[in-house]
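Engineer:
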Amino acid sequence: MRFTKMHGCGNDYVYVNGFLEKVGNKAELARRVSDRHKGIGSDGVIFINPSEEAEFEMEMYNADGSEGKMCGNGIRCVGKYVYDHGMTDHTTVKVSTKAGIKTLELSVKDGKVNSVTVDMGSPLLTPADIPVTLPGERIVDHPYPFGGKEYRITCVSMGNPHCIVFTDDVDGLNLPELGPIFETDPIFPDRVNTEFIHVTDPKRMEMRVWERGSGETEACGTGACAAAVAGYLNGLTERKVTVKLLGGELEIEYREDDGRIYMTGEAVTVYEGSIDQP
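Sequential numbering from 435 applies to the sequence shown in my numbering.
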């Protein structure tokens, strides 16, 4: 099986051309190739498939084999893959995902895509849509105990469920211990991605993220979008904010005119290769 390893702000995935490669057990493949000691090493696997609704389909699996609905960093790399591999000559590309059709605007330099802006759609704030089982019309700055300590949380869905916590110290967090406590709490029936955010000023924030099914990652595109929404709803940030992640920076804009989120960031090819299927 041929593959391309790519990353957006350090959020790395193995990309497989579903037009050419036929894969049987995709969940098992994702678990195998994502292993950083015995496989290729990645946060998961993304298949680029034909689509009846758009130009391409993104099908993604986390490192533990669970299927994800959406990946902001991943879909930017899908845009780079299809353009750089000559699968399209369009600089506006529509990609179908489990979270709906997303529109990508590709920035091209010297014949290759170097950054992508994604229309991520509107955030979902109703608890049942996220999902989170807490009462109320929105979960914004809501107190709730995790692991015996109370945290104030804001919950947002960007196709994936997110729980955002604002803190003065993201670097000192014991995320390997804290992340699973949030991820598996019973108020999140589909588990949850958790973002820990330090707002440095109204236009900038720092973020660490624990992703369900993958653990701590260097970046999470949907998480950065959710954090930007949470920052605005809590009166901490403006509608346009730079999110600094472990692997790089993303520009997020929560537009007032249409209520949609636009994310801009890098898309990088690491290398190409081949591997035997399990």
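Ideal Cβ placement from N, Cα and C applies to all residues, glycine included.
1) Measuring alpha carbon to alpha carbon, tell me which of Gly606, Gly545 and Cys505 ends up nearest Asp477.
2) Nearest to Gly582 by alpha carbon, out of Glu611, Glu571 and Tyr447?
3) Based on Cα-Cα distance, which residue from Val677, Cys597, Gly473 and Tyr449 lies nearest to Asn483?
4) Give the secondary structure of Leu667 by DSSP, where H, G and I count as helix, E and B as strand, and everything else as coil.
5) Determine the extent of the alpha helix (DSSP H) in which Ile621 is found, giving its start and end residues.
6) Checking the sheet assignment: what are the DSSP bridge partners for Asn496?
7) Helix or strand or just coil, what does DSSP make of Arg510?
8) Out of Glu645, Glu487 and Ala660, state which residue places its alpha-carbon closest to the alpha-carbon of Leu558.
9) Rounded to the nearest angstrom, how far is the Cβ of Arg673 from that of Arg646, given a contact under 8 Å?
10) Using DSSP with H/G/I as helix, E/B as strand and the rest coil, what is Leu540?
11) Is it buried or exposed for Ser708, if we count other Cβ within 10 angstroms and need 16 for buried?
Structural biologist: According to the structure data:
1) Residue Cys505 is the option with its Cα nearest to Asp477.
2) Check the Cα spacing between Gly582 and each of Glu611, Glu571 and Tyr447: the tightest is with Glu611.
3) Checking every option, the nearest Cα to that of Asn483 belongs to Tyr449.
4) In this structure, Leu667 counts as helix in the three-state DSSP scheme.
5) Looking at the DSSP string, Ile621 is not in any alpha helix (DSSP H), and its letter there is neither H nor E.
6) Partner(s): Gly478.
7) Correct three-state label for Arg510: helix.
8) For Leu558, the closest C-alpha among the options Glu645, Glu487 and Ala660 is that of Ala660.
9) The Cβ separation is near 27 Å, so there is no contact.
10) The answer is strand: DSSP assigns Leu540 an E or B state.
11) Ser708 is exposed by the Cβ-count criterion.
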